[in-house]
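Numbering (the working numbering), first residue to last: 347 to 628. Structure record follows, encoded as structure tokens.
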């Protein structure tokens with residue numbers, strides 16, 4: 347088996363993935379995306395910076411370092427693809443073959459190119475398994491009927507928006523959509539939606555698309571998500587069970603409790619039953 351490469355954007359997930367991969371006996375290397383504000387931390391000897399638009403260069407680096415598997419982790423602002431960046435010839439050829447500039451179209455086209463070079467892009471779950479919540483309510487407050495109705499309404503629309511490849515997050519109040527995440531990202535969508543709630547409290551619902559490819563762009567939330575919700579009139583966060591990455595789950599739930607934000611992880615169970623009992627992080 348060859349080496350694991352972690353194509354790394356901003357945030358903590360690349361470092362969590364690196365730590366877990368090392369613990370599993372891997373000899374991983376970062377290919378850090380220069381445009382993403384990645385910080386190498388203690389892994390400077392394992393970091394090779396690259397430009398996101400230099401796909402040909404990345405393929406050559408994979409061969410040079412013996413990488414046969416890639417793990418995609420971390421944030422890269424979607425606006426990058428619309429900017430006037432200098433794509434290499436390989437990237438230009440791939441762009442010409444894309445049906446559109448939707449996230450999955452881009453990913454699938456690049457994935458096919460890596461497959462031709464015998465490089466496998468692996469599931470984001472591989473080294474992040476501890477970062478998913480089981481089904482349940484994870485904060486003390488029991489939601490009332492009206493709040494549960496907003497959750498059910500919001501999750502339905504979040505799934506529809508994800509399926510259309512628009513975004514993974516909607517903000518709702520009184521069974522009305524206040525905002526839908528688009529290219530600006532989750533945090534900005536929360537700010538925009540929360541501004542319409544004024545003195546009332548909105549609900550944030552996050553979902554992956556049906557049959558989401560777990561090698562790419564699984565929904566992710568962290569403590570900063572909670573702080574932005576708290577600052578922008580949002581009181582409940584609803585997620586799909588086993589589909590949303592939680593950065594540092596214990597600390598996340600503790601902060602949610604402190605900020606009085608409700609956390610629900612929704613699977614196939616009855617929503618009222620899910621809401622009835624508090625779950626603990628193991």
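Just so you know, even glycine gets a beta-carbon here, dropped at the ideal spot from N, CA and C. Remember, predicted model here, so these are calculated numbers, not experimental data.
*Spell out the partners DSSP gives residue 415 in its beta bridges.*
The residue labelled residue 415 in the question sits at position 69 within the chain shown. Per DSSP, 350 and 466.
*Does DSSP put residue 494 in a helix, in a strand, or in coil?*
Numbered from its first residue, the chain shown carries residue 494 at position 148. Helix at residue 494.
*Given a threshold of 16 other Cβ atoms within 10 Å of its Cβ, counted over all protein chains shown, does residue 369 qualify as buried or as exposed?*
Locating residue 369 in the chain shown gives position 23, where the first residue counts as 1. Exposed.
*Just grab the DSSP bridge partners of residue 522 for me.*
Translated into the one-based positions of the chain shown, residue 522 becomes position 176. Paired residues: 519.
*Thinking C-alpha only, which one of 359, 416 and 499 is nearest residue 458?*
Position 112 of the chain shown, counted from the first residue, corresponds to residue 458. Of the candidates 359, 416 and 499, the one whose C-alpha sits nearest the C-alpha of residue 458 is 416.
*Which runs of the beta strand (DSSP E), 3 residues or longer, sit entirely within the stretch 596-621?*
608-612
*Look at the alpha carbon of residue 576 and the alpha carbon of residue 394, and state the distance between them as a whole number of angstroms.*
As a first step, residue 576 must be located in the chain shown, where it is residue number 230. As a first step, residue 394 must be located in the chain shown, where it is residue number 48. Each residue's alpha carbon lies about 37 Å from the other.
*Please say whether residue 524 and residue 548 have beta carbons closer to each other than 8 Å?*
Within the chain shown, the letter at position 202 stands for residue 548. Within the chain shown, the letter at position 178 stands for residue 524. Yes, the pair counts as a contact, with Cβ atoms nearer than the cut-off.
*Starting from residue 376, trace the beta strand (DSSP E) both ways and give me its first and last residue.*
Within the chain shown, numbered from 1, the residue matching residue 376 stands at position 30. From DSSP, the beta strand (DSSP E) with residue 376 extends over 375-379.
*Give the DSSP-derived three-state secondary structure of residue 455 in the structure shown.*
Position 109 of the chain shown, counting from 1, holds the residue named residue 455. Helix at residue 455.
*Would you mind listing the alpha helix (DSSP H) stretches within the stretch 530-589 that are 4+ residues and don't spill past its ends, in chain order?*
532-543 and 569-577
*Does the distance from the C-beta atom of residue 512 to that of residue 536 stay below 8 Å?*
One-based indexing of the chain shown puts residue 512 at position 166. One-based indexing of the chain shown puts residue 536 at position 190. No, the Cβ-Cβ distance between residue 512 and residue 536 is not below 8 Å.
*asked:* Quick check: what's the CA-CA separation for residue 563 versus residue 622?
replied: One-based indexing of the chain shown puts residue 563 at position 217. One-based indexing of the chain shown puts residue 622 at position 276. Those two C-alpha atoms are separated by around 31 Å.
*Classify residue 444 as buried or exposed, calling it buried when 16 or more other Cβ atoms lie within 10 Å of its own Cβ.*
Here the question's residue 444 lines up with position 98 in the chain shown. Because residue 444 sits at a pLDDT of 45, beneath the cut-off of 50, its placement in the model cannot be relied upon, and the point is left open.
*What residues match up with residue 399 in a beta bridge as DSSP calls it?*
Counting from one through the chain shown, the residue named residue 399 turns up at place 53. Answer by DSSP bridge pairing: none, since residue 399 is not bridged.
*Assign residue 480 to one of two classes, buried (16 or more other C-beta atoms within 10 Å of its C-beta) or exposed (fewer than that).*
If you number the chain shown from 1, residue 480 lands on position 134. Per the 10 Å Cβ criterion, exposed.
*How would you label residue 438, buried or exposed, when you count the other beta carbons within 10 angstroms and need 16 or more for buried?*
Within the chain shown, numbered from 1, the residue matching residue 438 stands at position 92. Confidence in residue 438 is poor, its pLDDT being 49 and thus under 50, which makes the residue's placement unreliable; the coordinate value appears in the next sentence. Looking at its Cβ environment, which holds fewer than 16 other Cβ atoms inside 10 Å, residue 438 is exposed.
*Under three-state DSSP, which class holds residue 475?*
On the chain shown, position 129 is the one that residue 475 refers to. If DSSP states are grouped into helix, strand and coil, residue 475 belongs with the helices.
*Kindly give me the distance between the Cβ atoms of residue 611 and residue 482, rounded to whole angstroms, as I take these residues to be in contact under 8 Å.*
Against the chain shown, residue 611 aligns to sequence position 265. Against the chain shown, residue 482 aligns to sequence position 136. With a Cβ gap of about 6 Å, residue 611 and residue 482 count as contacting.
*Beta-carbon proximity list for residue 420, same chain, < 6 Å, skipping 5 on both sides*: As a working note, residue 420 is residue 74 in the chain shown. Hits under 6 Å: 354, 355, 356, 357, 359 and 360.
*Could you tell me the distance, in whole angstroms, from the CA atom of residue 607 to the CA atom of residue 397?*
Taking the chain shown and counting its residues from 1, the one referred to as residue 607 is at position 261. Taking the chain shown and counting its residues from 1, the one referred to as residue 397 is at position 51. Computed Cα separation, rounded: 38 Å.
*Are there 16 or more other CB atoms within 10 angstroms of the CB of residue 371, so buried, or fewer, so exposed?*
As a position in the chain shown, residue 371 is number 25, starting the count at 1. The residue is exposed, with fewer than 16 neighbouring Cβ atoms inside 10 Å.
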